[in-house]
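Data block below; observations after.
Number of protein chains: 2
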Amino acid sequence: MTEAAGGGRDAEAVSKFVESFAAQLVEAGMQRMAARVFAALLSSDKGVMTSAELGEQLQISPAAVSGAVRYLAQTHMVSREREPGSRRERYRVHGDQWYEALTNREAVLKRWEAALREGVSSLGADTPAGRRMAETLAFFEFIEREVAAMMERWRAHREERFGK
Amino acid sequence: MTEAAGGGRDAEAVSKFVESFAAQLVEAGMQRMAARVFAALLSSDKGVMTSAELGEQLQISPAAVSGAVRYLAQTHMVSREREPGSRRERYRVHGDQWYEALTNREAVLKRWEAALREGVSSLGADTPAGRRMAETLAFFEFIEREVAAMMERWRAHREERFGK
DNA sequence: CGCTTCTTTCAGAAATTTGTGAAGTTAAGG
DNA sequence: CCTTAACTTCACAAATTTCTGAAAGAAGCG
Chain G
168 MTEAAGGGRD AEAVSKFVES FAAQLVEAGM QRMAARVFAA LLSSDKGVMT
218 SAELGEQLQI SPAAVSGAVR YLAQTHMVSR EREPGSRRER YRVHGDQWYE
268 ALTNREAVLK RWEAALREGV SSLGADTPAG RRMAETLAFF EFIEREVAAM
318 MERWRAHREE RFGK
Chain L
168 MTEAAGGGRD AEAVSKFVES FAAQLVEAGM QRMAARVFAA LLSSDKGVMT
218 SAELGEQLQI SPAAVSGAVR YLAQTHMVSR EREPGSRRER YRVHGDQWYE
268 ALTNREAVLK RWEAALREGV SSLGADTPAG RRMAETLAFF EFIEREVAAM
318 MERWRAHREE RFGK
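Just so you know, the sequences run in chain order G and L.
The working numbering puts the first residue of the first sequence at 168, with every later residue one more than the last.
The working numbering puts the first residue of the second sequence at 168, with every later residue one more than the last.
As structure tokens, this is what we get:
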């Protein structure tokens with residue numbers, strides 16, 4: 168039977184999922200190693216893995232794990248935790264990592280909006296280009312408000328469906 | 168006075184906006200040339216430019232313009248039009264290019280969902296990992312529905328604010 | 001305190017991506 | 001049809017990014 172690292176699970180099936188899901192994430196712009204690490208965590212039994220386990224399963228160096236995890240932690244896709252009384256660190260995916268990640272896109276939007284405001288005022292709000300940029304700006308502001316409301320609804324929906 | 172290609176506008180102010188907005192788009196994952204071309208169009212007087220004008224303003228080769236425009240057209244950020252009776256092509260931004268672009272992210276979501284479904288069924292819906300993936304899948308499905316509704320609201324909001 | 005184990009940082013090799021010039025293709029206009 | 005203007009494709013050079021091994025840096029444990 169094909170089972171190993173996962174602890175009694177079909178290692179090949181896991182690997183197949185990891186690589187195919189990671190590929191989709193990469194195509195959408197995520198760094199390759201970050202995508203693979205994230206997918207591995209998502210499909211792990213406990214949703215928690217150590218650096219060594221990740222390196223082993225994905226066949227990558229500790230340095231690569233470190234880089235991937237740093238990125239994932241910054242974007243709130245995984246959290247790091249210290250096993251009490253050990254130098255080992257563990258990385259965990261939550262059920263609501265995407266919720267978190269989406270919420271943090273807000274910072275990106277804010278910067279876009281700032282650049283657009285600058286553009287509107289430097290080109291003139293009464294010019295055709297200025298008006299076009301103002302409308303784009305309005306769209307982003309709208310989205311920002313809506314996404315906040317949407318996340319609120321997701322929380323409700325989730326509790327109802329999966330229980331808190 | 169600093170004015171030129173734009174046709175009576177402050178070329179330096181335009182260029183400054185183009186580069187700073189493009190930089191933000193690049194940071195969020197867009198290809199550099201595509202970002203610059205898009206920003207140039209957004210800040211152009213008529214919202215329309217020819218390949219030659221773009222190359223001139225951004226100081227890039229026709230090949231680079233071609234590549235950037237291909238990407239932007241695929242993602243529905245700009246549309247191409249043929250000047251009637253001419254070999255010249257013109258590229259245009261609409262007021263609702265982001266609306267379009269966001270709508271087309273749906274395709275990406277669909278692929279992610281497919282990969283997750285595959286994962287759930289190959290690892291087993293009754294395993295911890297399977298349940299985690301199923302919840303992620305539910306989140307995406309929720310987002311997909313919500314985004315559609317949100318875009319509907321944007322159309323209403325937009326008409327009210329800017330007039331159709 | 002010092003040993004040991006784990007993680008991070010760093011410099012460089014390898015791979016990938018990006019942009020260009022030049023040739024190729026398409027289509028308008030004589 | 002042939003010419004010519006415009007866009008696209010292709011091969012390559014340059015720049016950037018990515019991953020690794022090795023060294024340096026923390027932190028538990030004796």
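Beta carbons are placed, not taken as given, at the ideal position from N, Cα and C, and that holds for glycine.
This one's a predicted model, so the numbers in the text were calculated from it and none came from an experiment.
Do you know offhand how far Arg322/G's Cα is from Asp263/G's?
-> For this step, residue 322/G is matched to residue 155 along the first sequence. For this step, residue 263/G is matched to residue 96 along the first sequence. Approximately 9 Å between the Cα atoms of the pair.
For Gly196/L, return the contacting residues in chain G, with the cut-off set at a CB-CB distance below 7 Å.
-> In the second sequence, residue 196/L corresponds to position 29, counting from 1. Simply Gly196.
Compute the beta-carbon to beta-carbon distance between Leu208/L and Val232/L, rounded to the nearest angstrom, for a pair I have assumed lies under 8 Å.
-> As a working mapping, residue 208/L is identified with position 41 in the second sequence. As a working mapping, residue 232/L is identified with position 65 in the second sequence. Between Val232/L and Leu208/L the Cβ distance is about 11 Å, and since that is not below 8 Å, they are no contact.
Out of Thr294/G, Ser253/G, Gly291/G, Val236/G, which has the shortest C-alpha to C-alpha gap to Gly222/G?
-> One-based indexing of the first sequence puts residue 222/G at position 55. Gly222/G has its Cα closest to that of Val236/G, out of Thr294/G, Ser253/G, Gly291/G, Val236/G.
Name the two residues that bound the continuous alpha helix (DSSP H) containing Arg249/L.
-> To locate residue 249/L, count along the second sequence from 1; it is residue 82. That residue, Arg249/L, is in no alpha helix (DSSP H); its beta strand (DSSP E) goes 246–249.
Find the nearest neighbour of Glu250/L within the set Ala282/L, Gln226/L, Glu280/L, Thr217/L, judged by alpha-carbon distance.
-> Reading the second sequence from its first residue, position 83 is the one you call residue 250/L. Considering only alpha carbons, the answer is Thr217/L.
Classification of Gly196/L by the beta-carbon crowding that lies within 10 angstroms, buried from 16 upward = For the purposes of this step, residue 196/L is identified with residue 29 of the second sequence, where counting begins at 1. Gly196/L is exposed by the Cβ-count criterion.
For Thr217/G, name the three-state secondary structure that DSSP assigns.
-> By 1-based counting over the first sequence, the position of residue 217/G is 50. Thr217/G falls in the strand class under three-state DSSP.
Same chain, Cβ closer than 7 Å to Ile227/L, neighbours up to 5 away in sequence not counted | Taking the first residue of the second sequence as 1, we reach residue 227/L at position 60. Cβ within range, chain order: Met200.
Taking all protein chains shown into account, do 16 or more other C-beta atoms lie within 10 angstroms of the C-beta of Gly252/L, making it buried, or fewer, making it exposed?
-> As a position in the second sequence, residue 252/L is number 85, starting the count at 1. Burial call: exposed.
Per-residue burial, Phe306/L [other beta carbons within 10 Å of its own, 16 or more giving buried] | As a working note, residue 306/L is residue 139 in the second sequence. Buried.
Chain G contact for Gly234/L (CB, 9 Å cutoff) | To locate residue 234/L, count along the second sequence from 1; it is residue 67. No, Gly234/L lies away from the interface with chain G (no Cβ there is under 9 Å from its Cβ).
Closest Cα partner of Thr303/L within the set Arg203/G, Asp177/G, Arg254/G, Glu267/G = What you label residue 303/L is simply residue 136 of the second sequence in a count that begins at 1. Closest by alpha carbon: Glu267/G.
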